[in-house]
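Shown next, in structure tokens, is the structure this report addresses.
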Amino acid sequence: MSGSKRLPIPESVREQVARIVTDFNREVIKNPECFYVPRYRGSFLYFDRRNYGAVGPIARLTYQGGMNDWTFAIYKYSNEQYDSRDWFFPGSEHADGTVVGAMKAGLEAYPLGNDRRMGAIRRLFVRLFGHQR
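Here it is, written out as structure tokens:
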């Protein structure tokens, strides 16, 4: 999006996102110890996910002016940065410009741990070797 002005995320959009995330956590993840946590900075919507106590970054969306045309960037633990050019990761087909698509992509790229130990092992593996391909 270089060269174009970034749009701040309006409060009405933040409210819609909050409802979408709450519904997704309840209906798709279905685990009170694992859930997405949205946070905002300027035109960015960051998706962190709580996984049995630990919170880690998953993806970043850039607001483009509508609810169905966000720009997606996956978080790469290998270099601790968001990357909007990497489309070779599990779940990339879900990144369709929507909030739900981004969360689905994040679930495949970084699956939930089955229990606390597996979550910690998976986080360590991802931190050491980057996201699974």
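For the numbering used here, add 32 to where a residue sits in the sequence shown, where the first one is 1.
Heads up, the beta-carbon is just placed ideally off N, CA and C, and yes, glycines get one too.
1) Counting only the same chain and skipping the five closest in sequence on each side, list residues whose C-beta sits under 6 Å from that of F122.
2) Given a threshold of 16 other Cβ atoms within 10 Å of its Cβ, counted over all protein chains shown, does L57 qualify as buried or as exposed?
3) Expressed to the nearest angstrom, what Euclidean distance is found between the alpha-carbon atoms of G145 and P89?
4) Might you give, ordered along the chain, the residues of its own chain that have their beta carbon closer than 8 Å to the beta carbon of R38, omitting 5 neighbours on each side?
5) Bridge partners for L77 per DSSP, in chain order?
Per the coordinate set shown:
1) Reading the sequence as shown, one finds Pro at residue 122 and not Phe. Excluding sequence neighbours, P122 sits near E140 and A141.
2) A small correction: the amino acid at residue 57 is Asn; Leu does not occupy that position in the sequence shown. With 16 or more other CB atoms across the displayed protein chains lying within 10 angstroms of its CB, N57 is buried.
3) Taking the CA atoms as reference points, G145 sits about 15 Å from P89.
4) Excluding residues within five positions, the ones whose Cβ falls inside 8 Å are G74, S75, T94 and Y95.
5) Y72 and L93
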